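Per this note's numbering, residue 20 is the first one in the sequence shown, and the count goes up by one each step.
The beta carbon of each residue, even a glycine, is placed where N, CA and C say it ideally should be.
Nothing here was measured: the structure is a model prediction, and the numbers come from that model.
Just below is one structure, and these are the notes that go with it.
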Amino acid sequence: MSSQIAGVLQLLALISALALAHRPLGDYMAEVYSSGKHYRPERWAYRVIGADPAAEMRWPAYLRAVLAFSVVSVLFLYLMQRVQGSLPGSLGFSSIDPDQAFNTAVSFVANTNWQSYYGEQAMGHVVQTGGLAVQNFVSAAAGMAVAVALVRGFSRSRTGELGNFWTDLVRGTVRILLPISVIGAVVLVACGAIQNFSGIHQVGQFMGGTQEWNGGAVASQEAIKELGTNGGGYFNANSAHPFENPNPLSNLFEIFLILLIPFALTRTFGRMVGSSKQGYAILGAMAVIWVGFTVLMMWTEFAHRGPAFEMAGGAMEGKETRFGVAGSSLFAVATTLTSTGAVNSFHSSYTGFGGGITMLGMQLGEIAPGGAGSGLYGMLVMAVIAVFVAGLMVGRTPEYLGKKIGTRQIKLAACYLLVTPALVLGFTAVAVALPTPAESMTNTGAHGFSEILYAYTSGANNNGSAFAGLDADTPWFNTTIGIAMALGRFLPMVFVLALAGSLAEQQPVPTTAGTLRTDKPLYAGLLVGTVVTVTGLTYFPALALGPLAEGLAS
Numbered sequence: 020m021s022s023q024i025a026g027v028l029q030l031l032a033l034i035s036a037l038a039l040a041h042r043p044l045g046d047y048m049a050e051v052y053s054s055g056k057h058y059r060p061e062r063w064a065y066r067v068i069g070a071d072p073a074a075e076m077r078w079p080a081y082l083r084a085v086l087a088f089s090v091v092s093v094l095f096l097y098l099m100q101r102v103q104g105s106l107p108g109s110l111g112f113s114s115i116d117p118d119q120a121f122n123t124a125v126s127f128v129a130n131t132n133w134q135s136y137y138g139e140q141a142m143g144h145v146v147q148t149g150g151l152a153v154q155n156f157v158s159a160a161a162g163m164a165v166a167v168a169l170v171r172g173f174s175r176s177r178t179g180e181l182g183n184f185w186t187d188l189v190r191g192t193v194r195i196l197l198p199i200s201v202i203g204a205v206v207l208v209a210c211g212a213i214q215n216f217s218g219i220h221q222v223g224q225f226m227g228g229t230q231e232w233n234g235g236a237v238a239s240q241e242a243i244k245e246l247g248t249n250g251g252g253y254f255n256a257n258s259a260h261p262f263e264n265p266n267p268l269s270n271l272f273e274i275f276l277i278l279l280i281p282f283a284l285t286r287t288f289g290r291m292v293g294s295s296k297q298g299y300a301i302l303g304a305m306a307v308i309w310v311g312f313t314v315l316m317m318w319t320e321f322a323h324r325g326p327a328f329e330m331a332g333g334a335m336e337g338k339e340t341r342f343g344v345a346g347s348s349l350f351a352v353a354t355t356l357t358s359t360g361a362v363n364s365f366h367s368s369y370t371g372f373g374g375g376i377t378m379l380g381m382q383l384g385e386i387a388p389g390g391a392g393s394g395l396y397g398m399l400v401m402a403v404i405a406v407f408v409a410g411l412m413v414g415r416t417p418e419y420l421g422k423k424i425g426t427r428q429i430k431l432a433a434c435y436l437l438v439t440p441a442l443v444l445g446f447t448a449v450a451v452a453l454p455t456p457a458e459s460m461t462n463t464g465a466h467g468f469s470e471i472l473y474a475y476t477s478g479a480n481n482n483g484s485a486f487a488g489l490d491a492d493t494p495w496f497n498t499t500i501g502i503a504m505a506l507g508r509f510l511p512m513v514f515v516l517a518l519a520g521s522l523a524e525q526q527p528v529p530t531t532a533g534t535l536r537t538d539k540p541l542y543a544g545l546l547v548g549t550v551v552t553v554t555g556l557t558y559f560p561a562l563a564l565g566p567l568a569e570g571l572a573s
C-alpha cells in the first residue's frame with residue numbers, strides 16, 4: 020500500500036469516527052449545560068469556591084468570574100513553579116526562573132501551553148500533575164463555558180442573563196472532560212504510553228554520554244492535553260515522543276481526541292438554539308476548511324521534487340518514520356486549526372508551503388473546528404460578520420437566529436477580529452526591528468522571519484506550537500509572548516460575552532421572505548468565503564515575506 024493511499028484511509032477513518040461521535044456527544048453536552056440537576060461532587064465544589072449555582076449572571080458578572088478565576092489560576096501556577104525546588108516529587112529539579120514561570124503560568128491558564136523549556140528536564144511530578152494537568156482541564160472548561168454563554172445569548176430573549184460561570188466550569192470539567200479523559204488515558208496506556216511516578220533512570224549510552232529519562236503520569240496528561248485542545252507535552256518532543264505517542268494507532272486516536280469536542284459542539288449549538296440545521300451549517304463550514312487544509316497539506320508534503328523525496332515517499336525531514344507524511348500532516352493540520360499546539364513532527368522542517376499552511380491555520384482564528392469552546396464562539400462571531408456582509412449586499416438589516424445585527428453587535432464582532440492580528444503583527448514587527456530578539460533566530464531570511472511570525476501567531480491565537488528553530492527561552496520572548504497569550508485569550512472573551520449580553524436582551528424578530536436562510540449550504544459557503552477573505556486581507560503581506568517567499572524560492 021502506498022503512503023498516499025494510507026493517508027486517505029486514515030483521513031476516512033478519522034471522519035467516520037468523528038461522524039459517529041458527533042450526535043451523541045453533542046446531545047450529551049447540550050443536556051449537561053441545560054440541566055437543572057447538580058451532582059454531589061459538583062455541590063462540594065460550589066461550597067469550596069463559595070458559589071451559588073442557581074444564580075444567573077449578566078455578561079459583566081460572567082466576565083468578572085472568568086477573569087477572577089484565571090488570575091487566581093495564574094498566581095497559583097506561578098507560585099508552584101517558583102517553589103518547585105522545595106516540593107516533594109520535584110525529581111531534583113530547581114525552581115523555575117521568574118520570566119519562564121510567568122510565561123508558563125499564563126500559557127497553561129490561557130489554554131495555549133506554549134513551552135520554552137524542556138518538560139522532562141524542568142518540571143517535577145507535582146508541578147506536572149498538580150499544576151499543569153489541572154489547568155489542562157479547567158482552561159478548556161472555561162473556554163467551553165464562554166462558548167455556551169454566547170449560545171445562550173442567541174437562544175434567550177428579553178434578558179441579559181447568560182447562565183452561571185461556576186456552574187458551567189464545574190459541569191464541563193466533571194461531566195465532560197474528566198470521564199472522556201479517563202477513557203482516553205486507558206486507551207493510550209493500552210497503545211503503549213507510560214503512566215507512572217518513577218524517578219530519573221539511566222537508559223544507556225548516547226553519543227559518548229549517558230542518556231537519562233524520567234517517568235510520569237504521561238497517558239493521563241496526554242489524554243486531556245489533546246481532548247481539551249491544550250497541547251503542552253510532558254516531554255520536549257511532545258507527541259513525537261514514543262512515551263506520549265507510541266504508534267500510528269495512538270497517533271490517529273490523539274487526532275480524534277483533538278477534534279472530538281470542537282466538532283461536537285456544533286451539534287450542542289444547534290440543540291440549544293432549537294435548530295439542528297443551524298448547527299450543521301456551522302459544522303459544514305468548519306469541515307470544508309479542515310478537509311481542504313488537510314488535502315492541501317498532504318499534497319504539499321507528498322510532492323516529489325527530486326530523488327531524495329522520491330526515495331523517502333515525500334518530505335520526510337523532521338517527521339517520525341512511525342507516522343510518515345500522512346500521519347504527520349493530519350496531526351499538523353488538526354493541531355493548528357484547533358488551539359491544541361501539540362506536535363508529532365518538526366514544523367520548521369516542513370516544505371515552505373507546508374509551514375505556511377500550519378501558520379495560516381492559526382491565523383484563521385483556529386475556528387475549523389478550533390479549540391474546545393473557543394472554536395465555536397470564534398466561528399459564531401464570523402457568522403455574525405458573514406450575515407452583515409450579506410445584508411450589505413441586499414440593503415437589508417442583517418439578522419442571525421432571529422437577532423438583529425446592529426451597530427453595537429458589529430462593532431463588538433469587529434473588535435474581536437482585530438485583537439489577534441494587532442498582537443501578532445505588532446509584536447512581530449518590533450521583534451524583527453530590535454537586534455536582541457533577532458539573535459534568537461536559527462535561520463536567516465524568509466525562514467528566520469517565519470520563526471518569529473509563527474511564534475507570535477501561536478501565542479496570540481492560543482495555539483502553543485512552535486517552528487522550533489527559535490530560541491524563545493529569553494526574557495524578551497518569555498515576557499512578550501506571555502503578554503500576547505494573555506491578551507489573545509481574554510480580550511476576545513470580553514467582546515464575546517458583551518456580544519452575548521446584547522443579543523440576549525433583544526426580542527427575536529419574525530422570519531420573513533427577505534430573511535437570509537443561515538441553515539443552508541449557500542450560507543455555509545458564504546461563511547467559508549468570509550473567513551478566508553478576512554484572514555487573507557489581514558495576513559497576506561506577512562505571509563508573503565515568510566513562508567510564501569520560501570516556498571516560491573524552493
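Got a sec? Which residues, its chain only, sit under 6 angstroms from G337 by beta carbon, not counting five neighbours each side? Stepping through the sequence shown from its first residue, residue 337 is reached at position 318. Excluding residues within five positions, the ones whose Cβ falls inside 6 angstroms are S364, F365, S368.
Could you give the residue range of the alpha helix (DSSP H) that holds I404? The residue given as residue 404 occupies position 385 in the sequence shown. I404 -> alpha helix (DSSP H) spans 393-413.
Count the other CB atoms, across all protein chains shown, that sit within 10 Å of the CB of R66; report buried if there are 16 or more and exposed otherwise. Here residue 66 corresponds to residue number 47 of the sequence shown, with the count starting at 1. Burial call: exposed.
Taking Cβ to Cβ, would you say N7 is nearer than 7 angstroms to N481? The shown model of the chain, from 20 to 573, leaves out residue 7, and the question about it has no answer.
Own chain partners of G7 with C-beta closer than 7 angstroms, once the 5 adjacent residues on each side are dropped: Since the first and last residues shown for the chain are 20 and 573, residue 7 lies out of range.
Just to confirm, are L356 and G380 a CB contact at a threshold of 7 angstroms? Here residue 356 refers to the residue found at position 337 of the sequence shown. Here residue 380 refers to the residue found at position 361 of the sequence shown. Cβ atoms of L356 and G380: closer than 7 angstroms.
Grouping DSSP H, G and I as helix and E and B as strand, with all else coil, what is R77? The residue you call residue 77 lines up with position 58 of the sequence shown. R77 falls in the strand class under three-state DSSP.
Anyone know if the C-beta pair for P388 and G394 falls short of 7 angstroms? If you number the sequence shown from 1, residue 388 lands on position 369. If you number the sequence shown from 1, residue 394 lands on position 375. Yes. Within cutoff.
Suppose you measure from the CA of L522 to the CA of A73; what does that come to, to the nearest Å? Sequence index remark: in the sequence shown, residue 522 carries index 503 (1-based). Sequence index remark: in the sequence shown, residue 73 carries index 54 (1-based). Between L522 and A73, the C-alpha separation is close to 22 angstroms.
Ignore the nearest five residues each way along the sequence and tell me which others in K423's own chain have a CB closer than 7 angstroms to its CB. Against the sequence shown, residue 423 aligns to sequence position 404. The residues are T416, Q525, V528.
In whole angstroms, give me the CA-to-CA distance for L571 and G371. Mapped onto the sequence shown, residue 571 falls at position 552. Mapped onto the sequence shown, residue 371 falls at position 352. Taking the straight line from one Cα to the other gives about 8 angstroms.
Can you grab the Cα-Cα spacing for the pair R427 / V403, in whole Å? Looking up residue 427 in the sequence shown gives position 408. Looking up residue 403 in the sequence shown gives position 384. Each residue's Cα considered, the two are about 12 angstroms apart.
In angstroms with no decimal places, state the Cα-to-Cα distance between G150 and M142. Walking along the sequence shown from the start, residue 150 turns up at place 131. Walking along the sequence shown from the start, residue 142 turns up at place 123. Those two C-alpha atoms are separated by around 10 angstroms.
F173 versus R536: straight-line alpha-carbon distance, rounded: Here residue 173 corresponds to residue number 154 of the sequence shown, with the count starting at 1. Here residue 536 corresponds to residue number 517 of the sequence shown, with the count starting at 1. Straight-line spacing of the CA atoms in F173 and R536 works out to 16 angstroms.
Could you tell me whether the Cβ of L197 comes closer than 7 angstroms to any Cβ of chain C? Looking at the structure shown, chain C is missing, and only one protein chain is on hand.
Just reading off the alpha helix (DSSP H) that F216 is part of, what are its end residues? Indexing the sequence shown from 1 puts residue 216 at position 197. Neither: F216 is in no alpha helix (DSSP H) and is coded neither H nor E.
Test item: CB-CB of A563 and L472 under 7 angstroms: Within the sequence shown, residue 563 is the residue found at index 544, counting from 1. Within the sequence shown, residue 472 is the residue found at index 453, counting from 1. No, they are not a contact pair.
Out of F496, V513, P440, V237, which one is the CA nearest neighbour of G555? Within the sequence shown, residue 555 is the residue found at index 536, counting from 1. The candidate whose alpha carbon is nearest that of G555 is P440.
Who are the near neighbours of V29 in its chain, counting only those whose CB is closer than 7 angstroms to its CB and skipping five residues on each side? Numbered from 1 along the sequence shown, position 10 holds the residue referred to as residue 29. First, the residue type needs correcting, since residue 29 is Gln and not Val in the sequence shown. Excluding residues within five positions, the ones whose Cβ falls inside 7 angstroms are L271, A345, G346, L349.
Secondary structure of W232, DSSP reduced to three states: For the purposes of this step, residue 232 is identified with residue 213 of the sequence shown, where counting begins at 1. The answer is strand: DSSP assigns W232 an E or B state.
Nearest CA to the CA of I274: which residue from L188, Q240, A361? Counting from one through the sequence shown, the residue named residue 274 turns up at place 255. Among L188, Q240, A361, the Cα nearest to that of I274 belongs to A361.
Please classify W78 as buried or exposed, where buried requires at least 16 other C-beta atoms within 10 Å of its C-beta. For the purposes of this step, residue 78 is identified with residue 59 of the sequence shown, where counting begins at 1. Looking at its Cβ environment, which holds 16 or more other Cβ atoms inside 10 Å, W78 is buried.
Coarse secondary structure for L489, derived from DSSP in three states: Your numbering for residue 489 matches position 470 in the sequence shown. Here L489 sits in strand by DSSP.
Since Q13 sits in a beta bridge, which residues does DSSP pair it with? Within the shown structure, residues of the chain are numbered from 20 to 573, placing residue 13 beyond reach of any answer.
Candidates V310, A87, T123: which alpha carbon is nearest T493's? The residue given as residue 493 occupies position 474 in the sequence shown. That would be T123, whose Cα lies nearest to the Cα of T493.
Can you check whether the CB of G247 is closer than 7 angstroms to the CB of G183? One-based indexing of the sequence shown puts residue 183 at position 164. One-based indexing of the sequence shown puts residue 247 at position 228. The residue you asked about is not Gly; residue 183 is Asn in the sequence shown. Taking a C-beta distance under 7 angstroms as the contact criterion, N183 and G247 do not qualify as a contact pair.
Under 7 angstroms between the Cβ atoms of A238 and A259? Indexing the sequence shown from 1 puts residue 238 at position 219. Indexing the sequence shown from 1 puts residue 259 at position 240. No Cβ-Cβ contact shorter than 7 angstroms links A238 with A259.
Assuming contact is defined by CB atoms lying nearer than 7 angstroms, are L510 and V438 in contact in what I supplied? To locate residue 510, count along the sequence shown from 1; it is residue 491. To locate residue 438, count along the sequence shown from 1; it is residue 419. Against a cut-off of 7 angstroms, the Cβ pair of V438 and L510 comes out as a contact.
With a cut-off of 8 angstroms, do at least 3 Cβ pairs link the stretch 301-315 to the stretch 540-554? yes
Given E245 as reference, the closest of S89, L196, V165 once Cα atoms are compared: Here residue 245 refers to the residue found at position 226 of the sequence shown. Answer by Cα proximity: L196.
Taking the alpha helix (DSSP H) that V193 falls in, what are its first and last residues? If you number the sequence shown from 1, residue 193 lands on position 174. First-last for V193: undefined, no H or E at that position.
Take R171 and list the residues in its own chain whose beta-carbon comes closer than 6 angstroms to its own, dropping the five residues that flank it on each side. Within the sequence shown, the letter at position 152 stands for residue 171. L181, G182.
Collapsed DSSP secondary structure at H220 in the structure displayed: Taking the first residue of the sequence shown as position 1, residue 220 is located at position 201. Here H220 sits in strand by DSSP.
F559 classed as buried or exposed, judged by whether at least 16 other C-beta atoms fall within 10 angstroms: Residue 559 sits at position 540 when you count from the first residue of the sequence shown. It is exposed - the Cβ of F559 has fewer than 16 other Cβ atoms within 10 Å.
Leaving aside the five residues before and after V513 along the sequence, list all residues of the same chain whose C-beta is less than 7 angstroms from its C-beta, in chain order. The residue labelled residue 513 in the question sits at position 494 within the sequence shown. Excluding sequence neighbours, V513 sits near L82.
In angstroms with no decimal places, state the Cα-to-Cα distance between I199 and S269. As a first step, residue 199 is located in the sequence shown; it is residue number 180 there, counting from the start. As a first step, residue 269 is located in the sequence shown; it is residue number 250 there, counting from the start. Each residue's Cα considered, the two are about 16 angstroms apart.
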